[in-house]
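The opening residue of the sequence shown carries number 255 in this note's numbering; numbering runs sequentially from there. Each residue gets a CB set at the ideal place from its N, CA and C atoms; glycine is no exception. This one's a predicted model, so the numbers in the text were calculated from it and none came from an experiment.
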Amino acid sequence: MKTRFILSAASVDTMPKHAMAEIAFVGRSNVGKSSLINAVSGSKIARTSKTPGRTQLINFFEVSSARAAYVLADLPGYGYAKAPGPVREQWRRLIGRYLEARESLSAVLLLFDMRREVAGEDRAFHALLVHTVGARGAAVWVVGTKSDQLSKAHIRPRCVELERALGTERVFVTSASKKVGVDELRREIEALAAGHARRGGSGKRPY
Ligand SMILES: Nc1nc2c(ncn2[C@@H]2O[C@H](COP(=O)(O)OP(=O)(O)OP(=O)(O)O)[C@@H](O)[C@H]2O)c(=O)[nH]1
Ligand SMILES: [Mg+2]
255 MKTRFILSAA SVDTMPKHAM AEIAFVGRSN VGKSSLINAV SGSKIARTSK TPGRTQLINF
315 FEVSSARAAY VLADLPGYGY AKAPGPVREQ WRRLIGRYLE ARESLSAVLL LFDMRREVAG
375 EDRAFHALLV HTVGARGAAV WVVGTKSDQL SKAHIRPRCV ELERALGTER VFVTSASKKV
435 GVDELRREIE ALAAGHARRG GSGKRPY
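Shown next, in the form of structure tokens:
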């Protein structure tokens with residue numbers, strides 16, 4: 255598997271143009287987006303941090319394996335209460351514009367820390383994804399992160415709670431640190447990317 259950092263974008267105009275499948279990683283600040291990108295791509299390409307709100311731009315990475323080539327987009331985390339109001343507003347707008355502009359997005363992965371309760375803001379964001387990019391044909395996957403922090407007995411009940419709270423059928427259980435669920439997630443992403451390539455790229459137009 256080869257990985258390449260493409261670029262960091264602060265606005266829609268500077269996002270990369272390509273015809274590969276693109277998969278976006280979104281979720282609250284500190285949920286483990288960058289760590290999961292590293293786990294899936296088998297690299298240390300995305301910067302991770304103990305300080306929430308570190309990723310403030312959209313970072314694009316290209317991953318190619320024997321099976322497929324695709325782009326992973328690492329989005330800034332939403333809902334970081336300590337960030338100043340204008341900064342949060344700027345992130346919110348950047349995420350909104352990204353979702354609007356990337357019209358042939360293959361999938362959005364919405365990450366949840368499996369230890370945390372689902373808040374109203376999370377439900378609203380999930381619903382927004384389903385009604386916007388989901389309605390345009392992108393897959394919207396709910397991914398539970400940091401499963402290593404839960405006892406085995408608690409994992410299934412937490413998944414059921416997440417499924418109920420969001421009205422979704424499937425939750426991917428992952429731990430980037432213990433590599434739980436990572437191979438499965440990579441296989442699903444590769445399958446999406448292979449389908450995208452078979453259909454001749456974006457189907458509409460390259461980004
Ligand atoms: N125990 C455990 N910790 C994790 C896991 N994944 C990430 N972390 C930790 O959680 C913290 C945040 O991880 P990041 O990957 O930087 O999170 P992020 O969602 O990219 O954060 P922002 O870019 O700030 O929005 C770091 O201290 C990671 O080491 C995991 O699977 N298990
Ligand atoms: Mg990050």
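With a threshold of 6 Å (Cβ to nearest heavy atom), would residue i be considered close to ligand 1?
i, result
"Lys298", "no"
"Gln403", "yes"
"Lys287", "yes"
"Ser283", "yes"
"Gly339", "no"
"Lys304", "yes"
"Gly398", "no"
"Ser295", "no"
"Ser431", "yes"
"Gly331", "yes"
Report buried or exposed for residue i, applying the criterion of at least 16 other Cβ atoms within 10 angstroms of its Cβ.
i, result
"Lys433", "exposed"
"Met368", "buried"
"Pro411", "exposed"
"Asp437", "exposed"
"Ser405", "exposed"
"His380", "buried"
"Ser295", "buried"
"Val414", "exposed"
Say yes only if the C-beta of residue i is nearer than 6 Å to one or more non-hydrogen atoms of ligand 2, and no if none qualify.
i, result
"Lys406", "no"
With respect to the beta strand (DSSP E) encompassing residue i, which residues constitute its N-terminal and C-terminal limits?
i, result
"Ser288", "Here Ser288 belongs to no beta strand (DSSP E); instead the alpha helix (DSSP H) covers Lys287 to Ser295."
"Tyr352", "Here Tyr352 belongs to no beta strand (DSSP E); instead the alpha helix (DSSP H) covers Gly339 to Ala355."
"Leu359", "Per DSSP, Leu359 belongs to no beta strand (DSSP E) and is neither H nor E."
"Arg258", "Lys256 to Ala263"
"Ile277", "Ala275 to Gly281"
Going by beta-carbon coordinates alone, are residue i and residue j separated by less than 7 Å?
i, j, result
"Ser358", "Ile277", "no"
"Ala323", "Met274", "yes"
"Thr257", "Ser297", "yes"
"Val285", "Thr399", "yes"
"Gly243", "Val397", "As displayed, the chain neither begins before 255 nor continues past 461, which places residue 243 out of reach and without an answer."
"Ala419", "Val384", "no"
"Phe314", "Ile299", "no"
"Ser289", "Ala447", "no"
Along the chain, where does the alpha helix (DSSP H) containing residue i start, and where does it finish?
i, result
"Arg449", "Per the sequence presented here, residue 449 reads as Gly, with Arg not at that position. From DSSP, the alpha helix (DSSP H) with Gly449 extends over Val436 to Arg452."
"Glu316", "Looking at the DSSP string, Glu316 is not in any alpha helix (DSSP H); the run it does join, the beta strand (DSSP E), is Ile312 to Ser318."
"Asp376", "Gly374 to Leu383"
"Ala407", "Lys406 to Leu420"
Within the present structure, is the beta-carbon of residue i separated from the nearest heavy atom of ligand 4 by less than 6 Å?
i, result
"Gly388", "In the structure shown, ligand 4 is absent; the only ligands present are ligand 1 and ligand 2."
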